[in-house]
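> Going down the list, the sequences are from chains A and B. Numbered per this note's numbering, the first sequence spans residues 3 to 259. Numbered per this note's numbering, the second sequence spans residues 2 to 390. Backbone N, C-alpha and C fix where the C-beta goes; we use that ideal spot for every residue, glycine too. Since we're looking at a predicted model, the values are computed, not measured.
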Amino acid sequence: MAIDRRSFLAAGGLAGLALAIRRAVAEGRLTAEPWAPPEGQALTGTRWGMAIDLEACAAHPGCTACIEACHRVHNVPRFDDPKREIKWTWKETFEHAFPAQENPWAGEERAELPVLVMCNHCENPPCTRVCPTRATWKREDGVVMMDWHRCIGCRYCVAACPYGSRSFNWVDPRPAIPEIDPSFPTRTKGVVEKCNLCEERLAEGKLPACVTACPYGALTFGDLGDPESRIRRLLAERPSLRRKSFLGTGPQVFYLV
Amino acid sequence: MIERALRGGSRYWTLVGALAVLAALGGFAYLHQLRVGLGVTGMSRDVTWGLYIAQFTFLVGVAASAVMVVLPYYLHGFKPFGRVAVLGECLAVGAVTMCLLFILADLGQPYRALNMILHPSPRSILFWDMIVLNGYLLINAVAARMGLRAEESGEPAPKWVHWLVLLSIPWAFSIHTVTAFIYQGLAARPFWLSAVMAPRFLASAFCSGPALLLLICLLVGRISRFRIADEAVDRLSIIITYALLANLFLLGMELFTALYGAIPEHTVHFRYLFLGLDGHHELVPFMWASVLLCVVAAVVLLRPAWRRDRRVLAWAAGMIFLGTWLEKGWAMVVAGFVPSPTGAITTYAPTGTELLIALGIYSAGALIVTMLYRAVLVTRGDLPAREIP
Chain A
3 MAIDRRSFLA
13 AGGLAGLALA
23 IRRAVAEGRL
33 TAEPWAPPEG
43 QALTGTRWGM
53 AIDLEACAAH
63 PGCTACIEAC
73 HRVHNVPRFD
83 DPKREIKWTW
93 KETFEHAFPA
103 QENPWAGEER
113 AELPVLVMCN
123 HCENPPCTRV
133 CPTRATWKRE
143 DGVVMMDWHR
153 CIGCRYCVAA
163 CPYGSRSFNW
173 VDPRPAIPEI
183 DPSFPTRTKG
193 VVEKCNLCEE
203 RLAEGKLPAC
213 VTACPYGALT
223 FGDLGDPESR
233 IRRLLAERPS
243 LRRKSFLGTG
253 PQVFYLV
Chain B
2 MIERALRGGS
12 RYWTLVGALA
22 VLAALGGFAY
32 LHQLRVGLGV
42 TGMSRDVTWG
52 LYIAQFTFLV
62 GVAASAVMVV
72 LPYYLHGFKP
82 FGRVAVLGEC
92 LAVGAVTMCL
102 LFILADLGQP
112 YRALNMILHP
122 SPRSILFWDM
132 IVLNGYLLIN
142 AVAARMGLRA
152 EESGEPAPKW
162 VHWLVLLSIP
172 WAFSIHTVTA
182 FIYQGLAARP
192 FWLSAVMAPR
202 FLASAFCSGP
212 ALLLLICLLV
222 GRISRFRIAD
232 EAVDRLSIII
242 TYALLANLFL
252 LGMELFTALY
262 GAIPEHTVHF
272 RYLFLGLDGH
282 HELVPFMWAS
292 VLLCVVAAVV
302 LLRPAWRRDR
312 RVLAWAAGMI
322 FLGTWLEKGW
332 AMVVAGFVPS
342 PTGAITTYAP
352 TGTELLIALG
362 IYSAGALIVT
372 MLYRAVLVTR
382 GDLPAREIP
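#1: Put residue 120 of chain A into one of helix, strand or coil per three-state DSSP.
#2: Output yes if chain A places a C-beta closer than 7 Å to the C-beta of residue 36 of chain B; else output no.
#3: List the residues of chain A that residue 127 of chain B touches, going by C-beta distances under 8 Å, in chain order.
#4: When the Cα atoms are used, what is the spatial distance from residue 36 of chain A to residue 47 of chain B?
#5: Determine whether the Cβ of residue 117 of chain B lies closer than 7 Å to any Cβ atom of chain A.
#6: Alpha carbon to alpha carbon, how far is residue 247 of chain A from residue 259 of chain B? Give it in angstroms, no decimals.
#7: Can we count residue 302 of chain B as close to the ligand ADP, meaning its CB is less than 6 Å from some heavy atom?
#8: Based on Cα-Cα distance, which residue from B/312, B/107, B/333, B/243 lies nearest to residue 273 of chain B?
#9: Closer than 8 Å, Cβ to any Cβ of chain A: which residues of the stretch 320–336 of chain B, in chain order?
#10: Note down the Cα distance separating residue 146 of chain B from residue 137 of chain B, rounded to an integer number of angstroms.
#11: How many angstroms separate the CA atom of residue 132 of chain B from the CA atom of residue 155 of chain A?
#12: Looking only at C-alpha atoms, which of A/249, A/224, A/116 sits nearest to residue 143 of chain A?
#13: Determine the direct distance from the alpha carbon of residue 313 of chain B to that of residue 319 of chain B, and round the result to whole angstroms.
#14: Under three-state DSSP, which class holds residue 53 of chain A?
#15: From residue 88 of chain A to residue 343 of chain B, what distance separates their C-alpha atoms?
#16: Any beta carbon from chain B within less than 7 Å of residue 230 of chain A's own beta carbon?
#17: Examine chain B for any beta-carbon lying closer than 7 Å to the beta-carbon of residue 252 of chain A, and answer yes or no.
#18: Does the CB of residue 249 of chain A have a neighbour CB from chain B at under 7 Å?
#19: Who are the near neighbours of residue 20 of chain B in its chain, counting only those whose CB is closer than 8 Å to its CB and skipping five residues on each side?
#20: Given a threshold of 16 other Cβ atoms within 10 Å of its Cβ, counted over all protein chains shown, does residue 205 of chain B qualify as buried or as exposed?
#21: If you reduce the DSSP assignment to three classes, tell me which class residue 196 of chain A lands in.
#22: Where does residue 224 of chain A sit, in a helix, a strand or coil, going by DSSP?
#23: Under a CB-based cut-off of 7 Å, is residue 152 of chain A close to chain B?
#24: Could you pull the start and end residues of the beta strand (DSSP E) that residue 148 of chain A belongs to?
#25: May I have the straight-line CA-CA distance separating residue 110 of chain A from residue 99 of chain A, to the nearest angstrom?
#26: Taking the alpha carbon of residue 85 of chain B as the reference point, which residue from B/106, B/231, B/355 has its own alpha carbon closest?
#27: List the endpoints of the continuous beta strand (DSSP E) containing residue 243 of chain B.
#28: Hey, residue 93 of chain B and residue 64 of chain B: beta-carbon distance below 7 Å or not?
#29: For residue 289 of chain B, which three-state DSSP category applies?
#30: What residue from B/240, B/374, B/61, B/190 has the CA that sits closest to residue 172 of chain B's CA?
#31: So for residue 93 of chain A, helix, strand or coil by DSSP?
#32: Sort A/259, A/240, A/174 by Cα distance to residue 39 of chain B and report the nearest one.
#33: Flag this pair as yes or no: are the beta carbons of residue 118 of chain A and residue 259 of chain A separated by less than 7 Å?
#34: Rounded to the nearest angstrom, what separates residue 80 of chain B and residue 87 of chain B at their Cα positions?
#35: Rounded C-beta distance between residue 212 of chain A and residue 71 of chain A? I'm assuming under 8 Å.
#36: Please confirm whether residue 100 of chain A has its beta-carbon closer than 7 Å to some beta-carbon of chain C.
Listed below in structure tokens is the structure:
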């Protein structure tokens, strides 16, 4: 049977579509249930992103479940002195998280709303651009990574991050870790660290710790490169904000309003 | 030739000894920092660069200033700078060494500094700064040595030295331009994100550096037979005056653009510098003192009769050096971090350890310059016989 170029492409396209549908059904995306990753298999995506429901999060101002989970699984030290603080995820007031969204008529309450912030895993990260040793880089799937064994601690990336998402270990962090989790590395003094989008959990087929920990389902993690993903549906359905997107960094953390 | 730095009397060795002791003190303070971490400094999560990086930035300017004597001498044949050029190059060697030491002192993991070469990243401005700084150090060290040897033998230096010196001219501009790029390419820090940053760095370098060189030349003239020619002083003072005026003009450009444009995230840093922010006035006295010193010095230098009076000139040079140091060696770096990207105002003040380390590095630099100058003076026979054992 002779196969010309056209029919070959058509057949390929059909096969691809069939595969995508099968995958989508298997992942539960075409059904009503929320998507749970297949057990024990690494999560792969083309462009990871996060959507944070501002209202659902702000409705529970005292809740720090996500932050606690994040800092626990990543051995993040706890320093009481704000000058020494290490933060991967934390809460800022709305006016500090979104300085460009200032609105005097929105009222004090709106300005003070707590907003969960973290590394934005930018499409075009300024931090990786400035690193003189390539100790921080963007992975194919969009995760902005850190190599704590290569970092020389120059803190150029800290100066370059428009979100204050990077922390530097001013002293040895180990004594300040409440409970060391041996499954994740601790850091040494003199290196920079930040949210890693739980890349170590993605590799084990688990969702990021903050997403799992949120009791209110305010955090949605997913593949922005997949038009059928839940995060893409949410972003299409609801208006959203990004922090300082006018800087051209392309933040991949979205805030649903 | 360098071994002539070892020929000196008790006065010389007292000075060398004192500088060495101070440098050693800084070394001990650094060992403490190495053990505990950069937590011994006043820097914080929000203000992540401080005294060290500010000194590095300022001293790049001092280093670049050698070109202000080299350029007229080699490019325009301005002979009175002949005997000053080597001194300028030696000053540059000391200044660049201090720059490199300050960068090293600022690293959280100094043992890994070689990662910059093992894993080079040409997208990083720091990578280029490493290249231009080390290159400038090498060029000036070789140029000074060959220039001095030519002086001693009375024969012209080999042709390649001439080319090397010519190369040092654009190279001097590059070290300060690249250092400015470290700051002015950061979208995250609106205070630094300004196209006049590099021109301003150059202008402040070309007034503060020659001002220091002039003061050193006058000082050396007091303790040796070396005399800086009147024409050389005259020309240097004119260079300083023009560079100072350019620096003040560019500061005005920054202020106008920020204040008239009135974008809050630009104006807020200038408010912190000149007026204070939310009750924080830490940098206000420094900033006003800096502007005042530079403006008064400019007014003084603009009057030829005052400019030609060496005592007045020396005072003006001191004011310019201090004025530009307050701004570039202090306020400029800190203000970029206040307020932080999330609007927090975290104040910064260096700790005792930090100051000791900085003092140690400055002493090490002064030690290098002192010994290099000694070798130059001995070679030239500019010292009285009783001074050379």
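Let me spell this out:
#1: Three-state result, residue 120 of chain A: coil.
#2: With 7 Å as the cut-off, residue 36 of chain B does not count as an interface residue toward chain A.
#3: Neighbours of residue 127 of chain B on chain A, chain order: 132, 134, 156, 158.
#4: Since pLDDT at residue 36 of chain A reaches only 45, below the 50 mark, its modelled position is unreliable, and the value read off the structure follows with that caveat. Using only the alpha carbons, I get a separation of about 39 Å.
#5: yes
#6: 22 Å
#7: Judged by which ligands are present, the structure shown has none, so any question about the ligand ADP falls away.
#8: B/333
#9: Along the stretch 320–336 of chain B, none of the residues has a CB nearer than 8 Å to a CB of chain A.
#10: 14 Å
#11: 19 Å
#12: Ranked by Cα distance from residue 143 of chain A, the options A/249, A/224, A/116 are led by A/224.
#13: 10 Å
#14: strand
#15: 15 Å
#16: no
#17: no
#18: yes
#19: 364, 365, 367, 368, 371
#20: buried
#21: In this structure, DSSP gives residue 196 of chain A a state outside helix and strand, which the three-state scheme calls coil.
#22: strand
#23: yes
#24: 146–148 is the span of the beta strand (DSSP E), which, as asked, contains residue 148 of chain A.
#25: 15 Å
#26: B/231
#27: Element bounds for residue 243 of chain B: not the beta strand (DSSP E) but the alpha helix (DSSP H), 231–262.
#28: yes
#29: helix
#30: B/61
#31: strand
#32: A/174
#33: no
#34: 13 Å
#35: 6 Å
#36: Here chain C cannot be found, since the structure's protein chains are A and B.
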